[in-house]
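Structure record follows, encoded as structure tokens.
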Amino acid sequence: MSSGAADLRQRKKQNCTESDKMAPDERNKENSKLGRSPKYMLIQRFAKLFFGCLAAVTSGMMYAVYLSTYHERKFWFSSRQELEREITFQGDSAIYYSFYKELLKAPSFERGVYELTHNNKTISLKTINAVQQMTLYPELIASVLYQASGSEEVIEPVYFYIGIVFGLQGIYVTALFVTSWVMSGTWLAGMLTVAWFIINRTDTTRIDYSIPSRENWALPYFACQVAALTGYLKKNLNCSAEKFCYLLVNASTYTFIMMWEYSHYLLFVQAVSLFLLDSFALAQTEKVHEVYRIYLFSLIGGYLLQFENSALLVSPLLSLVVALMLSKSLQMNMKKITFVSRLLKIMYIYLVLTVAVTLNFLLKMFIPHKENEHLLKFIEVKLGLNTTKNFTMNWLLCQESLQAPSQDFFLRLTQSSLLPFYILVLIICLFSITQVIFRRICGEPLKETVKLEDGRIGERPEIVYHVIHTILLGCLAMCLEGMKYLWTPYVCMLAAFGVCSPELWMTLFKWLRLKAVHPILLALILSMAVPTIIGFSLWKEFFPRIMTELTELQEFYDPDTVELMTWIKRQAPVAAVFAGSPQLMGVIKLCTGWMVSSLPLYNDDDLLKRNENIYQIYSKRSAEDIYKILTSYKANFLVIEDSICNEVGPVRGCRVKDLLDIANGHVVCEEGDNYAYSKYGRFCHEIKMNYSPYVNYFTRVYWNRSYFVYKINTVISFQS
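Counting the sequence shown from 1 gives a position; the numbering used here is that position plus 1373.
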């Protein structure tokens, strides 16, 4: 086994050396035919690389500045006080930023990390490892950079934090630019990718709604990994470029896993794409298996540094990678197209899938894990394999991000001309890939170098990988609208590559068998003319809208929430515990630092159960039942939100109070209509009436137009 591996490494070194030697010779011969000196070609290549890199970096920087300017115009950040700024962080975003604040307040970084890993000041009656459970590595890095760079006297912590996130979004756009550039050979494709990305910002990123979310920290690294993987899969790549791409894939894959708890699912989709690419013998098997090893080492490293995170061990990615590496021996004679090799290929695919499923089942059987069990239950209900009255499951199913995408989504992509060109590029690439697979089955080998006049874009492994990857992500996006933020950026990239690639147009002209016009000349003209026309039309239609967004002064102001936070900081005891909706509790934790009874986190069964129990304040339960629930979590104050209590949702049955009635069995069906029934009135309404028994358990201490705060009595009075 070791000798085989040594032979493989030796062959790779020889191939690299041969390609490095042959490439200059081939270029010199071509240049001599064209009457160009090697020095002239070197200057031309350097100028192309320099201006391309300059355009990529400039695009990323301008996008980061655009986000910063838009954020300032939307929230008036510079003219707000600290409390008003913090209120703009909603839900889970508030929790992430609150831990960043705690790290900066700690006497030392080590002490701050210790307090986060042994945190008992956030959720009542619960000690958590916040770093592991909430993936707080971005906050750790941001706090270290803020203190180590001496930025305390230069910039406020909140500006430093959101500045890093906006900077990462600039890197995200730059990586998409580079990926499209590498695929098409022209940085015009990168410019078009960035234009489509910004114009369709509503569907490409959630940065407008949730700055500190994990995906905004993680997806830029995934984009860098995809860009490096695109270069790594290319044929005839010189050794230095191949090593650089390999190292970048290593670093970005591991960083991506550390930044986002759900990263291994996205890497699993990528691994399936590479598996299909390798199964059709359209890429170098050695390169694909090197990527598998990167997955394996990244998962092991992530498991160790994420406090032995069992979710990584039971992930489908690990099971698939191990199955692929165990089944590799069957690929020995599969490169030769014979009847035996075809049987081996079928056996190989079947064996990989069987081993992966079996291994994942065994790992889940022997390794204790609870983190993602609710995801499997959700998938069962989503696919119609099961039904449930469970409040949490039904609440998740009602979330917009977990619904099928609306027609407006496709309409927006069509209006920006993105979807039509994506479909065109995808169809051409799919037909070309199908032709290549058919040729492989018939015994025709792949060409070592695909030239423009060949019109075989389906033989380029990096193109095949991206086509498979976008199809898989697209299938997920058709089921869950939240997945569009993963799919749409790569739609922008693939569509821009296609319209700017002479090879794609040449592939189309080969099928059409053009004779009136020279196909190569026409392909080169169209690869420049079509993106230029698209660019000018986008500029004319969408640039005024973008400038209007940046010049309009929007106003985000929530005086009721500001008043509530101010009252808590001034009047509530320091040791008080607040109960209410998880989203509001996240804001209270950030703005006041007081302990809460629940948080808007959905990766822990105990927290999910807490959230469901505390949401009962909006159900038709008795005052005594609610009192027992709240005191079981040592809550001292209850906050009722009028917006939830009197919610008039667009979809009946998806309001919080409707879901609670279903879960509690308070719904009666008569003649096809559902009616809520209980011998008790809705608690959030009844408690406002100030009559017994509600006044026996709760005392109203503060209220405004949106919030009602009640003190939970420790001594119960039963006077009427």
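Quick reminder that beta carbons are idealized off the backbone N, C-alpha and C, glycines included.
These numbers were taken from a predicted model, which means no experiment stands behind them.
Which class does L2011 belong to by DSSP, given the choice of helix, strand or coil? Correct three-state label for L2011: strand.
Nearest CA to the CA of F1739: which residue from N1623, L1770, S1683, V1935? Ranked by Cα distance from F1739, the first of N1623, L1770, S1683, V1935 is S1683.
Would you kindly work out how many angstroms separate the C-alpha atoms of S1332 and V1531, rounded to a whole number? Nothing can be reported for residue 1332: it is not among the residues displayed for the chain, which extend from 1374 to 2093.
Could you please give me the residues that DSSP links to T1496 through a beta bridge? The question names Thr, but residue 1496 in the sequence shown is Ile. DSSP links I1496 through a beta bridge to V1969.
CB-CB under 8 angstroms to V2088, same chain, minus the five flanking residues each way: which ones, in chain order? Excluding residues within five positions, none has a Cβ falling inside 8 angstroms.
Just list the residues that DSSP pairs I2085 with in beta bridges. BP columns for I2085 point to F2071.
Once the 5 residues before and after V1694 are set aside, which same chain residues still bring their CB inside 7 angstroms of it? Correct list, in chain order: A1644, Y1665, Y1668, L1669.
So, with DSSP's three-state summary, where would you put W1768? Correct three-state label for W1768: helix.
According to DSSP, is Y1676 helix, strand or coil? Reduced to three states, the DSSP call for Y1676 is helix.
Would you give the residue range spanned by the beta strand (DSSP E) that F1951 belongs to? 1950-1952 is the extent of the beta strand (DSSP E) around F1951.
For Y2083, count neighbouring Cβ atoms within 10 angstroms of its own Cβ and tell me buried if that reaches 16, exposed if not. By the neighbour-count definition (other C-beta atoms within 10 Å, threshold 16), Y2083 is a buried residue.
Checking the sheet assignment: what are the DSSP bridge partners for W2076? In the DSSP assignment, W2076 is bridged to F2081.
Could you have a look at I1987 and say whether DSSP puts it in helix, strand or coil? Helix at I1987.
Helix, strand or coil at I1801 according to DSSP, with G and I counted as helix: Residue state, collapsed to three classes: helix.
Around the Cβ of E1832, are there at least 16 other Cβ atoms within 10 angstroms (buried) or fewer (exposed)? Classification of E1832: buried, given that the 10 Å Cβ count is 16 or more.
Are the CB atoms of C1597 and I1544 within a distance shorter than 8 angstroms? Yes, Cβ-Cβ distance for I1544 and C1597 is below 8 angstroms.
Contact check, V1504 vs L1489 under 8 angstroms by CB: the rounded distance? A Cβ-Cβ distance of about 5 angstroms is found for the pair V1504 and L1489, placing them in contact under the 8 angstroms criterion.
What does I1501 pair with, by DSSP beta-bridge criteria? I1501 is bridged to N1492.
Can you tell me which of the three DSSP states G1828 falls into? Here DSSP, grouped into helix, strand and coil, assigns G1828 to coil.
With a 10 Å radius around its C-beta and 16 neighbouring C-beta atoms as the bar for buried, classify F1423 as buried or exposed. Exposed is the call here.
Are the CB atoms of Y1443 and L1911 within a distance shorter than 8 angstroms? Contact annotation: L1911 and Y1443 have beta-carbon atoms that are not nearer than 8 angstroms.
Regarding A1467 and the ligand FAD, is the C-beta to nearest heavy atom distance less than 7 angstroms? Absent from the structure shown: the ligand FAD. Ligands present: none.
I need the DSSP call for I1898, collapsed to helix, strand or coil. I1898: helix per DSSP, three-state reduction.
Can you tell me the Cα-Cα spacing of W1768 and T1761, whole angstroms? Between W1768 and T1761, the C-alpha separation is close to 11 angstroms.
Enumerate in chain order the residues of its own chain whose CB-to-CB distance from P1354 is below 8 angstroms, with the five nearest sequence positions on each side excluded. The structure shown does not extend to residue 1354, since the chain is modelled only from 1374 to 2093, so the question has no answer here.
Contact between the segment 1582-1592 and the segment 1901-1908 is defined here as three or more beta-carbon pairs at a separation below 8 angstroms; is this criterion met? Segments in contact, no.
Rounding to the nearest angstrom, what Cα-Cα distance links L1565 and Y1436 in this structure? Using only the alpha carbons, I get a separation of about 14 angstroms.
For A1945, which of helix, strand or coil comes out of DSSP? In the structure shown, A1945 adopts coil according to DSSP, grouped into three states.
Put N1611 into one of helix, strand or coil per three-state DSSP. Secondary structure at N1611: coil, using DSSP grouped into helix, strand and coil.
How far does the alpha helix (DSSP H) with F1550 in it extend, from its first residue to its last? Segment 1530-1557, the alpha helix (DSSP H) holding F1550.
Nonlocal neighbours in the same chain, by C-beta distance under 7 angstroms from F1450, ignoring five residues either side: For F1450, the CB contacts under 7 angstroms within the same chain, skipping 5 residues up- and downstream, are H1444, R1458 in chain order.
From this set, A1428, L2011, Y1723, which residue's C-alpha is nearest S1652's C-alpha? Checked all of A1428, L2011, Y1723; the closest Cα to S1652 is Y1723.
In chain order, what residues of the same chain lie with their CB nearer than 6 angstroms to the CB of L1885, ignoring the 5 residues before and after it? Here L1885 has no same chain residue with a Cβ atom under 6 angstroms from its own Cβ, once five neighbours each way along the sequence are excluded.
Inter-residue Cα distance where the pair is K1820 and G1871: Rounded to whole angstroms, K1820 to G1871 spans 21 angstroms at the Cα level.
Own chain residues within Cβ distance below 7 angstroms of L1440, not counting five before or after: Excluding positions up to five away in sequence, the list reads F1539, Q1542, I1580.
In whole angstroms, what is the alpha-carbon distance linking R2078 and C1802? About 58 angstroms.
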